[in-house]
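The structure appears right after this line, and notes come after that.
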Amino acid sequence: MTKAVIPESPPILDIEIDVNKGKRHLYQAIYKLGQRFTWNPLKVKQASIAAWQAHLKYRQLMSSQGLTPPQAIAEMTGEVEPKTPTSTQATIALIGHPYILYDEHISHRLIHRLEQAHYKVLTPEMLTTEELESATARLVGKAHWAYEDEVVGAGGYYLESGADGVIGVMTFGCGPDSLMMDTVHRWASRLRITPFMSLTLEEHTAETGVVTRLEAFLDMIHRRK
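Residues in the sequence shown are numbered from 1 upward in steps of one, following the UniProt record's numbering.
Written as structure tokens, this is what we have:
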């Protein structure tokens, strides 16, 4: 889609990963990508191993230290990240796809607003694969999708784990998100433990409306506490 929409863009390096075709197909795809930089297969192999190790470290940092993806990347690259306030008003879990949560334009700086107000923010990336899959199984049984654990699994986990509130963020008319978010909403209503709010964003969503709903939700949490 990017190539079609922005024809003047520089060359885009992409790779096809299909686990159904086996490891051999994956290795061939990696070497095909590596040939854009070097024809030396040893260097391609070393680079792919280093990339995989960096990915594992990245995932481990997020789950063990409770970091968001930008914070984990800053930690790995040695950049200075703003320190999280030592005292927090409450813990708010955000569930949704990363391309929504971490896009400051689409999300209207939702994470930044919460952190600036001294709230501790939890995201799906801070959970391990086992925690996501276990929570998904409790909510819907066997999963029949590949990219919704960060909504259903994270929602189910944080609703039961003692977060003061959970906010589900999705975009209008985006795949199965509306169905998955409704599943989490029903689970929250059944548990009656943790407040849940769903935010649906699209190109006409005004920042003022998001801020107003967020403030009302946080006020409700403070009254509960």
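Ideal Cβ positions, reconstructed from N, Cα and C, are used throughout, including at glycine.
Its chain contains Ile15, Glu16, Ile17 as the residues whose beta carbon lies nearer than 8 Å to that of Ala29, once the 5 sequence neighbours on both sides are disregarded; these appear in chain order. Phe196 is classed as buried because its beta carbon has at least 16 other beta carbons within 10 Å across all chains shown. Restricting attention to Val151, Ser161, Arg186, the CA atom closest to the CA of Thr171 is found in Val151. Judged by pairs of C-beta atoms under 8 Å, the stretch 148-164 touches the stretch 88-95, as three or more such pairs exist. Minimum Cα-Cα distance from Arg186 among the listed residues Phe217, Leu139, Glu203, Arg224 corresponds to Leu139. DSSP places Val184 in the uninterrupted alpha helix (DSSP H) bounded by 177-191. For Phe196, the uninterrupted beta strand (DSSP E) segment begins and ends at 196-201. By the Cβ criterion, the stretch 154-165 is in contact with the stretch 112-130, since at least three pairs of Cβ atoms, one from each stretch, lie closer than 8 Å. DSSP, read as helix, strand or coil, puts Gly162 in coil.
Inclusion of Pro124 and Tyr102 in the CB contact set at 8 Å is not warranted, their separation being larger than that value. Per DSSP, the unbroken beta strand (DSSP E) holding Ile92 starts and ends at 91-95. In the same chain as Glu215, and ignoring 5 residues on each side of it, no C-beta atom comes closer than 6 Å to its own. As summarised for the UniProt domain "DUF2229" (11-127), the continuous alpha helix (DSSP H) elements at least 4 residues long and confined to that stretch are 22-34, 41-65, 69-77, 98-101, 110-116, given in chain order. At a Cβ-Cβ threshold of 8 Å, Met126 and Met76 do not count as neighbours. For Gly155, same chain residues with a beta-carbon under 6 Å away, outside a window of 5 residues either side, are Ile95, Val184 in chain order. The C-beta separation of Leu218 from Leu191 comes to about 20 Å, leaving the pair out of contact by the 8 Å criterion.
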